[in-house]
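S.K.:
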Amino acid sequence: MDILVVHLFNALLYASVLFLIAGGLSLIYGVMRIVNLAHGNLFAVGAFTTASAVGVWFAGSTSALLFLLVPIGAVAAAAIGAVVEPTLLRRFYRRPEEYQLLVTFGLLMILEDVMRFLWGPYPISASVLFEKMGSLHVGDYIYPRYNLLVIATGVLAALFLWAFIYRTKFGVVLRATSQDMRRASALGVNVNLVYVEAFTIGCFMAGLGGAIIAPSQPAVLGMGVDALVLSFIVVVIGGLGSLEGALVGALIVGVIREIGISVFPEIELAVLYLIAAGVLFVRPAGLFGRTA
Amino acid sequence: MSNRPTRRDFLSQLGVTTAAMAVGSVAGAGVAGIAHAQEKPKGTIPATPFKIGHMTFFTGAGAVLGEPMYKGNVLAAEEINAQGGLLGKRKIEILKADEAAGTDANTKEMRRLKLSEHIDMFMGITSSGNTPALGPVAEELKLLTIFIDGCTDFLFDKAVPNPRYIFRITNIQSADGSTCAVGVAQTWPNIKTYANIHPDYAYGRNCFDHFGIVTKKLLPNAKSVSEAWPKLFSTDFTPHITKTLAAKPDLLVTSLWGGDYVAFYKQALQYGLFDKMKVATTLALGSAPQSIGKDHPEGVLTGVHANYHFTYPAGNRWPLNKTFVEKYKARWNEYPNFQAEGAYTATYALKTALEKANKLIGGWPDDDAVIGQLEGMMIAGPGGYVSIRPDNHQGYKDAITGFSKNVPEYPFPILDPSRIITIPIRNITAPPGWPKGEPTSTYTWIEQTWPQMKA
Amino acid sequence: MNLLETEKLTKYFGDTHAVDRVDFTIGEGEVLALIGSNGAGKTSLVNLISGFLRPDSGRILLRGVDVTYLAVHRRIEAGIARSFQIVNLFDELTVLDNVALSVFARERMTRYFWTLSDRHPAVWDEAHEILRQFGLGQKASMLAGGIAQGERKLLDVAVAYALKPRLLFLDEPTSGVSTREKAPIMDVISSIVRSQNITAVVIEHDMDIIFKYSDRIVVMHQGVILASGSPEEIRRNETVKDAVFGPSHA
Amino acid sequence: MTSAPPASEKRSPLRIVPWAAAIAAVLAVLPWVIDPYQSILIAYGLVMAIAVLGFNLLLGYTGLLSFGHSAYFGVGAYAVAFMVKYLHVQSMELFIVGAIAASVLVTTLFGYVCVRYTRIFFSILTLALSQVLWSLAFKFFWVTGGTDGLRVPTPKLIGVATGEGEDKIRFLTHGYYYYVLVVFIVCVVVMWVVVHSPFGKALQAIRDNETRARFVGLRVRAYRFVAFLISGVFTGIAGALWVPLNGLTTPDILYWPFSGEIVFMAVLGGFRNFTGPIVGAVVFNYLKTYAVGYTVYWQALLGIVLVVLVMVLPTGIVGTARLLWAYAGRRFSR
């Protein structure tokens, strides 16, 4: 029985991180109609930045300072987003998808090596925070407190985003731009500004996903590519462009992965992709997407 | 029934010893050492550089193993070059190639190195997935090769059953699982259940198979109750840890290594895994020694790929190791791992083979002459004697494993010097002439020839 | 016998009754103009008949045969073709290819992936001939995306015409071109349609053109047919004037 | 973007035949002139060219961007490996037949699912399905060898076995090179006929304007499906030819970044030209091989090439060369 609680926490843990990555991906698609293949590596940038801030640059500082440093990865990813969108991606919104996919694919490759250049080839760990928080008892088992913090972050991020998009003026502008860019523009919305903001928020989320797991999992090269395909599954299930969809998709993927590894390990990955393909086949816009 | 040997008897028959022991004195007759004085070579030797293509993981999670391999190779090359080079004339030049580019790219790159860069020799390779791919290519290219690692049995069992140009220096992979299982049988004979967490590729499955078959022989009551197969180079092991916890085994066997193992043990600590079961590993301390922190629990059976740990043989008993560790530390400011030792030894094996061949025929020896010298060579390396079997070109040295222990001298755990387990390698690997078997020859050899212990 | 009739054909878009229980008929060989203000349901009606939209209820009969839910390509085989209000061409193919494609499609040769299209001179000759008829012979080897708007309108009709339809819908064949160009375009279309004895339905706004080229006029308003008759009758019809041209229109 | 210059007369597509024959002749002579490694690289390039030609029938001619063509390449490659492992087949011709059969099977299934959608949904669907195959190849190691992959020995060409002792490099640079070259030429001719056939015209029409294509009577989905099938089979054939060259097949060629490389090659050469994919495949192969050989930052190098390419030369190498040629021609004639 207790073990089920541990499994549940694990699923939520995974879902939280996936939601942060996939939510960002979905937000960007929703507003700019661009599938950002480099998104996975913004997640990795977040992880590397936080890992090196906590584990290397400020290693040995007080825990309070180290905890404050965790979000630095999200800031780094957001900064990259804020630079890349206006300088590079903006030229591609009106071009066919193949160019959009290719330019972000190129960006993915470049970012991978930028990280290799900046952080070297080895994994970097910020495990000191993970260790400091210790574990709490769940019946016969113990569970890392830090993982609960990650889950809480995921939940808070979802709530914050929801409030932001449905309860603020900027949210209204964002939704308007997402629904009809030309009309929003005609109504006096500075569409370019909305784009750069939306892209930055999307990257911030991916970076936060990376930053928040850096203490419990080391940052390694290649993590971005793996994260990207999984978040792809999430957005495909939930619906490209839908934040609710990203949330539900992340939960589905989190739960299926946790069950899969225990019960049907050989086809765990295949099942995830098949679900994604199945959803696409039946509802190409995903469970929560608007029809194309 | 009654003539079944007892476990204790059998283990001592195997030659398993637990203690810090000497390896014997250096340089008996016919044994090549790595530090013997240079003799003047016969004939004329060209002064062109001797190019070695060195492919290993320079990037990604595998670099924890790969970089030390390269550093061992470089250290040996620098020493040899300082003495004038191979046969006093040919300076070693090392061309790096990144194994992380993927198996297919590696195949292309090996061809490029030989056909386009005209390397004289190839060294390296960390992953067991890559040697079976590259071995046949090296044979096709007629490229003299010493694989340092990538030590899957599959290479010489199946992929290249009759090698000519390729050799491999570090211990054959089945020794990992077998050594680990022998260590478990000797230390924790009462376990009834065990769980597995292995990386989902050749190495993990090899460890799983050999741990399983040896345990079946030595501890017939022990049952495998859980298997988890995370992808190689994963970082998140929480579902695998939880699956293992749920199975409530007495023991966990894991062949995770490098960055994977580091991430695993940190997460496992917070899930209390080490408190709930014994843990036996095949490669935990085999990665770069400094990569494991002092938070790692003590008393875990921490394997070193059944090959080498820099604290053994202890310095005063085996000077070769003492000087190697000192030189390596001075050059790279870190401690060597088994890959560094393997590459270092391999470079000196090459040097020795060249010198012997030169003594026989004079001039710069061709590949065939070098191969003739490498086959059957016995060389004393930092980790002890390595013998290269002529039938399968595989290097063998006595397998070791031990238990993690923190000592004040090092900022990371080392093998507990008082409890190091060594096993003569010939006793846990299929002998020459044993028919090729499935999944490995050693597996069928153990299955068919080892006695079944009493329950 | 009428070539085509619709029975209570209906299409809703949400609450809007785009086409509301319309009974529409057209006789063999007629050239009929469909007029009405924007949103009257003209294009929707054409869309329903040509298969672009599916009706919510009602029937479409072609020579008495129910074609209501027939797939588009079957309708085309049955002889219904259409042009588009906003030019719908294969912009990166040549003008000649645009027309040739229709001929290939009509002859069911587009399945041939094993022969070069150049190996079918009859098709190309016919395509050239059609272009010549439409006055586009000089533009044959230009990309369809690269010719003038008036020419594009003509080509759009030519592509539909090349299908050799019995019933051709022309959705505003002169929209988007200057007033000066309208008559020449309609002259070309009209002479071809009449010489081949094709039944045609033209949606048009320009009343001069309508009165000049059509045999009969059907007026739609808010999804229903308001009136139908000869140009002269429609010209005199007060209801039509108010509905279509607005009360202010003299 | 750029409209092609108006041609004054209709030019026969057959005019390129002499050029193609000349290039084929050069390719045939090359192994005697260049060093063996270069021949092997060209063989790799030609194999990939077949794959990208197939891919481009969808992207360039039908307007569908598949981000899952690794699947069909992998199906071809694994079909060969399975034939070796389970049926002990050695004949290269049988390998190709088997690869065609397997890729027909898989493309029929995937194509049926995928052609219902276009644009980004098509791309993602193809990607998701290719990942299913990847994860199966990855996880079912007792069948597929997992990450170790499956080895494929030197095959018999036209029934002729290569002796144990014969030099593999010589086999690759001569016997196999010519085999690849012949299959490549056959594939180029077939694809060339397909795109210049009435069917090819129909595909281009569908690419340009799906609605109008429907209204000239084309059953758009059926045409897309057939294009998908042909495309997948070409890529499958390439996969089959690639295995003996590489010596083994691993799940890497099923993983999605390999699909990305196929797209890369098409765009590098120029996907709006028939020859673009061929040029792109050969050039990319050189680019990647040398980038990997010379720097650990090869990914960044390729990434920068890609970004610059799509920004500055969206028509690819062949498209740009044609523009320059046309420009030079106009300057010259003035």
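Protein chains in written order, with my numbering: chain U, 20 to 311; chain H, 1339 to 1793; chain G, 115 to 364; chain V, 7 to 340. Built from N, CA and C at the ideal position, the CB exists for glycine as well.
Pairing CB atoms from the stretch 106 to 120 of chain U with CB atoms from the stretch 241 to 251 of chain V, are three or more of them under 8 Å?
M.R.: No, they do not touch.
S.K.: Label Asn1654(H) either buried or exposed according to how many other C-beta atoms from any shown protein chain fall within 10 Å of its C-beta, with 16 as the threshold for buried.
M.R.: exposed
S.K.: Comparing alpha-carbon positions, which option in Glu144(G), Phe218(G) and Glu318(G) lies nearest Asp329(G)?
M.R.: Closest option to Asp329(G), Cα to Cα, is Glu144(G).
S.K.: On the criterion of 16 or more Cβ atoms from any shown chain inside 10 Å, does Ser1700(H) qualify as buried, or is it exposed?
M.R.: One point to set straight first is that residue 1700(H) is Gly, not Ser, in the sequence displayed. Gly1700(H) is exposed by the Cβ-count criterion.
S.K.: Using a cut-off of 9 Å between C-beta atoms, extract the partners of Pro320(V) located in chain U.
M.R.: Arg114 and Tyr118
S.K.: Is it buried or exposed, Gly1624(H), if we count other Cβ atoms within 10 angstroms and call 16 or more buried?
M.R.: buried
S.K.: Are the CB atoms of Pro1527(H) and Arg1764(H) within a distance shorter than 8 Å?
M.R.: no
S.K.: Quick one: which residues of the stretch 1570 to 1599 of chain H get their C-beta closer than 7 Å to a C-beta of chain U? List them in chain order.
M.R.: Closer than 7 Å at the C-beta level to chain U, one finds these residues of the stretch 1570 to 1599 of chain H: Phe1571, Thr1573, Asp1574, Thr1576, Pro1577, His1578, Thr1580, Lys1581, Leu1583, Ala1584 and Gly1597.
S.K.: Over the uninterrupted beta strand (DSSP E) stretch that includes Val73(U), give me the two end residues.
M.R.: Premise fails: Val73(U) is in no beta strand (DSSP E) and is neither H nor E.
S.K.: Just to confirm my understanding: we take Phe144(V), look at its own chain, exclude 5 residues before and 5 after, and list those with CB closer than 6 Å. What are they?
M.R.: Residues of the same chain with a CB within less than 6 Å of the CB of Phe144(V), apart from the 5 flanking positions on each side, are Pro257 in chain order.
S.K.: If you reduce the DSSP assignment to three classes, tell me which class Tyr1599(H) lands in.
M.R.: helix
S.K.: Anything in chain U within Cβ reach of Trp1567(H), meaning under 8 Å, just list it in chain order.
M.R.: Pro284
S.K.: Using only the alpha-carbon positions, how far apart do Gly104(V) and Leu111(V) sit?
M.R.: Take the alpha-carbon of Gly104(V) and the one of Leu111(V): they are about 11 Å apart.
S.K.: Would a check of beta-carbon distances place Ser203(V) closer than 8 Å to chain G?
M.R.: Closer than 8 Å to some Cβ of chain G, the Cβ of Ser203(V) qualifies, so yes.
S.K.: Between Val239(U) and Pro142(U), which are expected to be in contact by the criterion C-beta below 8 Å, what is the C-beta distance as a whole number of angstroms?
M.R.: 4 Å
S.K.: For the stretch 119 to 134 of chain V, list every residue whose C-beta sits within 8 Å of some C-beta in chain U, in sequence order.
M.R.: Val119, Arg122, Tyr123, Arg125, Ile126, Phe127, Ser129, Ile130, Leu131, Leu133 and Ala134
S.K.: Nearest chain V C-beta to Arg110(U) closer than 8 Å, yes or no?
M.R.: yes
S.K.: By DSSP's criteria, Pro1657(H) is part of a beta bridge. Which residues make up the other side?
M.R.: DSSP lists no partner for Pro1657(H).
S.K.: Alpha carbon to alpha carbon, how far is Thr313(G) from Ile244(G)?
M.R.: 18 Å
S.K.: Go through its chain and collect everything with a Cβ distance to Ala72(U)'s Cβ below 7 Å, but skip five positions before and after it.
M.R.: Leu88 and Ile91
S.K.: Please list the residues of the stretch 183 to 214 of chain V that have a C-beta atom closer than 9 Å to any C-beta atom in chain U, keeping them in chain order.
M.R.: Here the close residues number zero.
S.K.: Near Leu184(G), what residues of its chain come up, given a Cβ to Cβ distance below 8 Å and the 5 sequence neighbours on each side ignored?
M.R.: Gly165 and Ala192
S.K.: DSSP three-state label for Lys1689(H), please.
M.R.: helix
S.K.: Quick check: the Cα distance between Val1361(H) and Phe1662(H), rounded to an integer number of angstroms?
M.R.: With a pLDDT of only 46 at Val1361(H), under the threshold of 50, the placement of this residue in the model should not be trusted, and no figure is reported.
S.K.: Rounded to the nearest angstrom, what separates Gly335(V) and Arg328(V) at their Cα positions?
M.R.: Looking at the two C-alpha atoms, the distance is approximately 10 Å.
S.K.: I'd like to know if Ser72(V) contacts chain U, where contact means its C-beta is closer than 8 Å to some C-beta of that chain.
M.R.: Judged by the 8 Å Cβ criterion, Ser72(V) is not in contact with chain U.
S.K.: Within a Cβ cutoff of 7 Å, which residues of the same chain sit near Arg125(V), ignoring the five residues on either side of it in sequence?
M.R.: none
S.K.: Return the chain-ordered ranges of every alpha helix (DSSP H) run that is complete within the stretch 1498 to 1585 of chain H and spans a minimum of 4 residues.
M.R.: Runs found: 1512 to 1525, 1540 to 1556 and 1576 to 1585.
S.K.: Where does Glu121(G) fall in DSSP's three states?
M.R.: strand
S.K.: Once DSSP output is grouped into helix, strand and coil, what is the label at Pro1762(H)?
M.R.: Secondary structure at Pro1762(H): coil, using DSSP grouped into helix, strand and coil.
S.K.: If we count the other Cβ atoms within 10 Å of its Cβ and call it buried at 16 or more, is Asp214(V) buried or exposed?
M.R.: buried
S.K.: Have a look at Ala1415(H), Ala1652(H) and Gly1381(H) and flag the residue whose alpha-carbon is nearest the alpha-carbon of Gly1721(H).
M.R.: Ala1652(H)
S.K.: Following the continuous beta strand (DSSP E) through Asp132(U), name the residue where it begins and the one where it ends.
M.R.: Element bounds for Asp132(U): not the beta strand (DSSP E) but the alpha helix (DSSP H), Glu116 to Trp138.
S.K.: Exposed or buried, what is Lys156(G) when buried is set at 16 or more other beta-carbons lying within 10 Å of its beta-carbon?
M.R.: buried
S.K.: What residues from chain V crowd round Val307(G), counting only those whose CB sits closer than 9 Å?
M.R.: None at all; the shortest Cβ gap to chain V is about 18 Å.
S.K.: The stretch 226 to 253 of chain V: which residues have C-beta closer than 7 Å to a C-beta of chain H, in chain order?
M.R.: Asn252 and Gly253
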